[in-house]
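Engineer: I have a structure I would like to understand better, so I am pasting it below and will then ask my questions one at a time.
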Amino acid sequence: DSTNQNTGWRGGTHAHLEKLIKRKLFWAICSIHTNELPLRHLIKSVDGNTSSGKGFMGPVGSLLSKVNDMEYDPNFMALSSGEDLIELSKDIEKSLSTDQKICYRLVKAVKSGVLPINLQDMKCGTLNHARWLTTGQRLVFLWTRKHGLSGKNLETLEILVKFCLQYYFKLNFDIKVQHQIVKAPYHILTGIRILKDQPKVVQDAITPYVKSSAWYAHPECLLLSLLASPEQIERKFAVDQILKLRKEAQFGNTEVIDRKKS
4 DSTNQNTGWR GGTHAHLEKL IKRKLFWAIC SIHTNELPLR HLIKSVDGNT
54 SSGKGFMGPV GSLLSKVNDM EYDPNFMALS SGEDLIELSK DIEKSLSTDQ
104 KICYRLVKAV KSGVLPINLQ DMKCGTLNHA RWLTTGQRLV FLWTRKHGLS
154 GKNLETLEIL VKFCLQYYFK LNFDIKVQHQ IVKAPYHILT GIRILKDQPK
204 VVQDAITPYV KSSAWYAHPE CLLLSLLASP EQIERKFAVD QILKLRKEAQ
254 FGNTEVIDRK KS
């Protein structure tokens, strides 16, 4: 994953290994993990810090541990804006965990404004700062409860829930379905496209982390993706660029690059 112990530009294991063998390596970073960072930092920015191993200190976050005990609100407002979730094949659906399946159905239900009976009394997964899927799940579920929030705190909840619906879960399921490494640059483009339509408070909070987590925007990743393109013109462009970069060398320039600058 993308923790600093692995990807740190100075002391991370990836950079250390490159220096040890004296050549540049291809960094394959977990897109699911990097997709969690924006949600984590948005909560911190608009609501408040985390507390202990699984709690939250803000007025919205502090309710997440209580959401399973809250009464259902039949008058919750549909939040239909944003792109639709990607359709799941039967094989992909079978591979999902119970929480992932619930999240998929919950997102669709909140966007439509109709929560099926079997979701009205569901129980959310355990809160854990190492597993942000259930945090997103609880935020969306909280929107359907009689939570008692009003004013600025209600606005904060709406910002967080819309972000989960439009960005976090949209990308999460895109990555689950299109999990091949050659698809990773497209997920970055999807995130940027969605981010452009988010409120300024969201853009300001997460843009630095979207940038620092864009591992698959490096040139070698883009070329790999283009090589697998269904479009011949894109494949030809990639081959031409690779040959140009290699020049007369078999593997081109394999020198270790400064990851801090890149």
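Here our numbering runs 3 ahead of the position in the sequence shown, where the first position is 1. We put the beta carbon where it would ideally sit given N, CA and C, even for glycine. Just so we're clear, the structure is a prediction, and the values are computed from it rather than from any experiment.
When the Cα of GLY335 is compared with those of LYS186, ILE197, THR37 and PRO62, which residue comes out closest?
Structural biologist: Any answer about residue 335 is impossible in this case: the structure gives the chain only from 4 up to 265.
Engineer: Below 8 Å on the Cβ atoms is my guess for ASP76 versus ARG13; work out the distance and round it to an integer in Å.
Structural biologist: Numbered from its first residue, the sequence shown carries residue 76 at position 73. Numbered from its first residue, the sequence shown carries residue 13 at position 10. Not confirmed; about 50 Å, so no contact.
Engineer: Kindly list the residues whose CB is nearer than 7 Å to the CB of THR16, restricted to its own chain and excluding five residues on each side of it in sequence; keep chain order.
Structural biologist: Locating residue 16 in the sequence shown gives position 13, counting from the first residue. Cβ neighbours of THR16 beyond the five flanking positions: GLN8 and ASN9.
Engineer: Hey, out of TYR171, GLY64, TRP146 and GLY58, whose CA is closest to GLN103's CA?
Structural biologist: Here the question's residue 103 lines up with position 100 in the sequence shown. The candidate whose alpha carbon is nearest that of GLN103 is TYR171.
Engineer: What is the DSSP secondary structure of GLY58, reduced to helix, strand or coil?
Structural biologist: Residue mapping note: residue 58 aligns to position 55 of the sequence shown, counting from 1. GLY58: strand per DSSP, three-state reduction.
Engineer: What do you get for ASP177, buried or exposed, if any count of 16 or more other CB atoms within 10 angstroms of its CB means buried?
Structural biologist: To locate residue 177, count along the sequence shown from 1; it is residue 174. The residue in question, ASP177, is buried, as its Cβ has 16 or more Cβ neighbours within 10 Å.
Engineer: Can you give me the Cβ contacts of ARG262 inside the same chain, cut-off strictly under 7 Å, excluding the 5 residues immediately before and after it?
Structural biologist: Counting from one through the sequence shown, the residue named residue 262 turns up at place 259. Excluding residues within five positions, the ones whose Cβ falls inside 7 Å are TRP12 and ALA18.
Engineer: Look at the alpha carbon of LYS165 and the alpha carbon of LEU246, and state the distance between them as a whole number of angstroms.
Structural biologist: In the sequence shown, residue 165 corresponds to position 162, counting from 1. In the sequence shown, residue 246 corresponds to position 243, counting from 1. Each residue's Cα considered, the two are about 45 Å apart.
Engineer: For TYR219, list the residues DSSP reports as bridge partners.
Structural biologist: On the sequence shown, residue 219 is found 216 positions in, with the first residue counted as 1. BP columns for TYR219 are empty, so no partner.
Engineer: With DSSP as the reference, identify every bridge partner of THR53, one or two as the case may be.
Structural biologist: In the sequence shown, residue 53 corresponds to position 50, counting from 1. In DSSP, THR53 forms a bridge with PHE59.
Engineer: Taking only three categories from DSSP, how would you classify ARG134?
Structural biologist: Along the sequence shown, one-based indexing puts residue 134 at 131. Three-state DSSP puts ARG134 in coil, outside helix and strand.
Engineer: Where does ARG43 fall in DSSP's three states?
Structural biologist: The residue you call residue 43 lines up with position 40 of the sequence shown. Reduced to three states, the DSSP call for ARG43 is helix.
Engineer: Near ARG238, what residues of its chain come up, given a Cβ to Cβ distance below 7 Å and the 5 sequence neighbours on each side ignored?
Structural biologist: As a position in the sequence shown, residue 238 is number 235, starting the count at 1. The residues are LEU229, LEU230 and SER232.
Engineer: Could I get the ranges of all uninterrupted alpha helix (DSSP H) runs contained in the region 145-223, with 4 residues as the minimum, in chain order?
Structural biologist: Here the runs fully enclosed are 154-166, 172-180, 187-198 and 203-215.
Engineer: Please find out if some non-hydrogen atom of the ligand ATP comes closer than 8 Å to the beta-carbon of VAL164.
Structural biologist: This structure lacks the ligand ATP, and indeed carries no ligand of any kind.
Engineer: Where does LYS114 land, buried or exposed, given buried means 16+ other C-beta within 10 angstroms?
Structural biologist: Counted from its first residue, the sequence shown places residue 114 at position 111. That one is buried.
Engineer: According to the neighbour-count rule (16 or more other Cβ atoms, all chains shown, within 10 Å of its Cβ), is GLU90 buried or exposed?
Structural biologist: Reading the sequence shown from its first residue, position 87 is the one you call residue 90. GLU90 is exposed by the Cβ-count criterion.
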